[in-house]
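Participant:
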Amino acid sequence: MAAIVVFALIVSGVAVMNARGALQNARRSAAAAEIRILDPTVTAYGLDHSGYAGMTASALKQEYGAHPDNAMTSTLAITGATASSYCIQIRDGAWYAAQRGPSAAIETSQKAICR
153 MAAIVVFALI
163 VSGVAVMNAR
173 GALQNARRSA
183 AAAEIRILDP
193 TVTAYGLDHS
203 GYAGMTASAL
213 KQEYGAHPDN
223 AMTSTLAITG
233 ATASSYCIQI
243 RDGAWYAAQR
253 GPSAAIETSQ
263 KAICR
């Protein structure tokens with residue numbers, strides 16, 4: 153009987169660890185997807201303003217109706233916005249996703265990328 157209980161606890165522990173890993177992977181993917189979703193809005197801002205200088209999260213929301221997922225809205229940050237570049241970042245749980253400029257790849261990390 154004790155062996156069955158130990159086996160059940162081991163199986164439960166493995167299942168919990170797999171579920172936790174899947175949740176973290178989903179959050180990482182969701183954050184990166186939000187950056188991809190915002191890309192056309194950021195591009196439009198750059199075209200309309202002859203660059204990215206002055207681009208803020210609130211400007212994207214007010215001028216272009218950009219609304220990230222409700223859980224991530226408060227984590228949207230734009231730093232280093234110049235005429236030719238920017239760093240846009242969003243966080244979902246422990247995962248950050250960011251893009252450093254119009255042609256840069258989307259990066260993900262468990263630490264802030266844009267500073």
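Heads up: the sequence shown runs through residues 153 to 267, numbered per my numbering. Note that CB positions come from ideal geometry on N, CA and C, so glycine has one too. These numbers come from a predicted model, not from an experiment.
Between which two residues does the beta strand (DSSP E) carrying residue 241 extend?
Facilitator: Per DSSP, residue 241 belongs to the beta strand (DSSP E) from 239-244.
Participant: For residue 195, is the classification buried or exposed, using 16 other Cβ atoms within 10 angstroms of its Cβ as the cut-off for buried?
Facilitator: The residue in question, residue 195, is exposed, as its Cβ has fewer than 16 Cβ neighbours within 10 Å.
Participant: If I'm right that residue 246 touches residue 262 with Cβ under 8 Å, what's the distance once you round it to whole angstroms?
Facilitator: Rounded, the Cβ-Cβ distance is 5 Å, consistent with contact.
Participant: Would you list the one or two residues that DSSP bridges to residue 248?
Facilitator: BP columns for residue 248 point to 243 and 261.
Participant: For residue 255 versus residue 203, is the C-beta distance shorter than 8 Å?
Facilitator: For residue 255 and residue 203, no; Cβs fall outside 8 Å.
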